Each structure stands twice: as C-alpha cells, then as structure tokens.
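Numbering (our numbering), first residue to last: 555 to 760. All C-beta atoms in this analysis are idealised placements derived from N, C-alpha and C, irrespective of residue type, glycine included. All values reported here derive from a predicted model rather than from experimental measurement. Worksheet for the structure shown next.
Encoded structure:
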C-alpha cells in the first residue's frame, strides 16, 4: 500500500480501480497521504488469479488498508467479509465513504486503529490476510509475529515489501508463489497444513 511511485496502469491521479468481480471497474479514491501506494493493477491481477479458488466465502483482513483496493477486490470476487484496518483518520473516513457508496456495510467493516493494536485486541479469525505496511516503518516482523493467532489453520497470507526485502512469516507458513516488479516483491503464503500423501517441501495446492 505504501511508498511513492508513479500512478500504475489503470489508474488516474487520485484513484485506483477494482479489476474484477461484482464491483469491477469501480474507482476508489486515493487521497494525497504520505506514503500511500496502492498495489498496482498488474500485481493485483496476478495475486487474485492465484487466490481465486479460495476466495468464495473467505473472511479477509486487510491491514494498512489505505485505498482498500486489496480487501474490496477480495469481496468483489466472492469473499464473504473483509475488515479494513487503517490508522490514518482521513484514509479511514474515505474507506467508510466507499463502503457506504458500495452498499457493502453488511460485508465490509472499517476499523480506524493501529494495525498492531488491532491484532492484539481482536478476537476474530480470518482465512486471508493482506500485509502491505508503509515500507519505511519496517513493521513486517512485528505484524508477522502477531498475525498467526488471528488466522485459520489453513489460512493464506499476502505480503508486499520492497523488491530487495523478503520478510519471513513464522515457520508454519510456506511460500506458495511470489513475484517481483522493479519496486516491490509480492508473496503469497499458506499455513503449512499437510494433506494426506503430501511431503514437507512439496508445493501447496489450492
């Protein structure tokens, strides 16, 4: 979500569009906030192609939600619910306005609070979490240490970071797929629940 770069393909200054599902083509406002960097169309399209088999009915957590592009894209494509966590008051208000516009209040909840405080206080559990913190804040270790307590036993985890950095989730998470652009590394992990006949180190399947 965070770190400056030029507008991605499919955006106009101050907006980003949802690229699939029920709300396809909907533009989300991107306020002029320090460090705000919505995940690009190219990366989101790749990510949601990976995720599509598990999205129907999924409970989603979008930490550092920013524009809400990840969490709202997930609901647009079939997730049952999403919690969008955003500490910045202006961004949280913009997210709430989008939720009202989409008439999605029964499926999408905006929590205006610090992401670490949310993980410490929450008692709900999620099937999929998006972790894309402000790059300069180096929050990956603290978030990834707390997050597993809020995740399903076979949960999925998306982590975005600078291209030169590969944050590591706890040992019971295994890399499913990853990729890089010039600016970012994007990686999808799954909790390491072995299936019958699957040996450690075998690729995980959806």
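Where residue i sits in the DSSP three-state scheme
i	result
residue 738	strand
residue 704	helix
residue 751	Residue placement at residue 751 is flagged as unreliable, the pLDDT there being 40, under the threshold of 50; a coordinate-derived value is accordingly withheld.
residue 698	helix
residue 597	helix
Cα-Cα separation between residue i and residue j, rounded to whole angstroms
i	j	result
residue 648	residue 746	36 Å
residue 639	residue 666	6 Å
residue 577	residue 725	36 Å
residue 685	residue 643	19 Å
residue 733	residue 691	22 Å
residue 573	residue 693	28 Å
residue 728	residue 742	9 Å
residue 711	residue 579	25 Å
residue 668	residue 628	22 Å
residue 672	residue 604	27 Å
residue 703	residue 719	24 Å
residue 652	residue 708	30 Å
residue 600	residue 625	15 Å
residue 717	residue 654	35 Å
residue 657	residue 650	10 Å
residue 663	residue 689	25 Å
residue 583	residue 659	18 Å
residue 595	residue 713	16 Å
residue 701	residue 670	9 Å
residue 723	residue 744	10 Å
residue 731	residue 602	12 Å
Host beta strand (DSSP E) of residue i (start-end)
i	result
residue 570	569-571
residue 680	680-685
residue 581	581-583
Proximity below 8 Å, CB of residue i to CB of residue j
i	j	result
residue 614	residue 682	yes
residue 630	residue 568	no
residue 581	residue 591	no
residue 621	residue 661	no
residue 715	residue 697	no
residue 593	residue 619	no
residue 585	residue 645	yes
residue 610	residue 632	yes
residue 641	residue 616	no
residue 679	residue 706	yes
**Complete runs of the beta strand (DSSP E) confined to the region 602-674 [at least 3 residues]** = 613-617, 635-639 and 662-665
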